[in-house]
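Residue numbers (the working numbering): 479 to 715.
Since the structure comes first, as structure tokens, the remarks are kept for the end.
In structure tokens, the structure reads:
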């Protein structure tokens, strides 16, 4: 557990004396309440997460999810479920965007493959996308910054991937899809950098280096894999 203000480790967030006497712990480093969110409604925490407040990110990652994460687990079960929901939602969004795409290769792929094969291809792409970001960021944090709480880091990355769900409204209202897609990825990149900087407490320079390398590798690998998979699926069909 950490102080959400200065990221200093604390042994507890509050002390329970009686049902009507619970005192929040004061951080010995910054002398502020270690976690001001322990008395806040989850809606308020969610709003601050959307606003990318570092205190809210530390509260969720370190004080809500991390304390219940066994050392042998990659991520907590609730985090795994959330990751699955985000990945499946990303599959649906990518598929819906591709249907509206005018790219000749995409049109050829959608016209010559069965819906089940299309879904499996998009599922592979979304899963590979998520896996690459997690693997690259975790490896760089471990070998460069000597960060060992990799499950906690994956929880922070997972929270940042929720930004991919922003364009759900584009499925209802008609927008310029290439522009929206670019904006979403810029937002996702910014949110990812913010979460890396807050979770690793490494500053924005190192967080930017890690994030840019991860996103660059993700783009190269996913682009090559998508071309290979769609070509193979079209040939088989």
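Every residue, glycine too, gets a C-beta built ideally from N, C-alpha and C.
As the structure is a prediction and not an experimental result, all values here were calculated from the model.
- Residue 588 and residue 565 have their C-alpha atoms spaced approximately 21 Å apart.
- Judged by DSSP in its simplified three-state form, residue 490 adopts coil rather than helix or strand.
- Setting aside the 5 residues that flank it on each side, residue 618 is surrounded in the same chain by 688, each with a C-beta closer than 6 Å to its C-beta; the list follows chain order.
- Between the segment 659-676 and the segment 580-594, the count of Cβ pairs shorter than 8 Å is below three; the stretches do not touch.
- Bridge pairing for residue 502: 492 [DSSP].
- Ranked by Cα distance from residue 631, the first of 530, 493 and 538 is 538.
- Judged by beta-carbon spacing, residue 567 lies within the 8 Å limit of residue 643, meaning their Cβ atoms are closer than that value.
- The segment 588-604 and the segment 503-516 do not touch, with fewer than three beta-carbon pairs separated by less than 8 Å.
- Nearest to residue 490 by C-alpha distance, out of 503, 499, 576 and 483, is 503.
- Taking a C-beta distance under 8 Å as the contact criterion, residue 561 and residue 479 do not qualify as a contact pair.
- Closest option to residue 571, judged by alpha-carbon separation, among 522, 494, 641 and 614: 641.
- Residues of the same chain with a CB within less than 6 Å of the CB of residue 685, apart from the 5 flanking positions on each side, are 671, 674 and 675 in chain order.
- Inter-residue distance for residue 699 and residue 605 is about 12 Å (C-alpha atoms, whole angstroms).
- Under the three-state reduction of DSSP output, residue 522 falls in the helix class.
- Counting of Cβ neighbours within 10 angstroms places residue 706 among the exposed residues, the total staying below 16.
- DSSP places residue 632 in the uninterrupted alpha helix (DSSP H) bounded by 628-639.
- Closest in alpha carbon position to residue 629, among 702, 612, 482 and 575, is 612.
- Per DSSP, the unbroken alpha helix (DSSP H) holding residue 691 starts and ends at 681-714.
- Here the alpha carbons of residue 593 and residue 681 stand approximately 45 Å from one another.
- Your pair residue 692 and residue 614 checks out as a contact, with CB atoms roughly 4 Å apart and the cut at 8 Å.
- In the structure shown, residue 566 adopts helical secondary structure according to DSSP, grouped into three states.
- Under the three-state reduction of DSSP output, residue 480 falls in the strand class.
- Cα atoms of residue 627 and residue 678: separation of roughly 10 Å, rounded to the nearest angstrom.
- If you ignore the 5 residues before and after residue 573, its C-beta comes within less than 8 Å of the C-beta of 596, 597 and 600, all in its own chain and listed in chain order.
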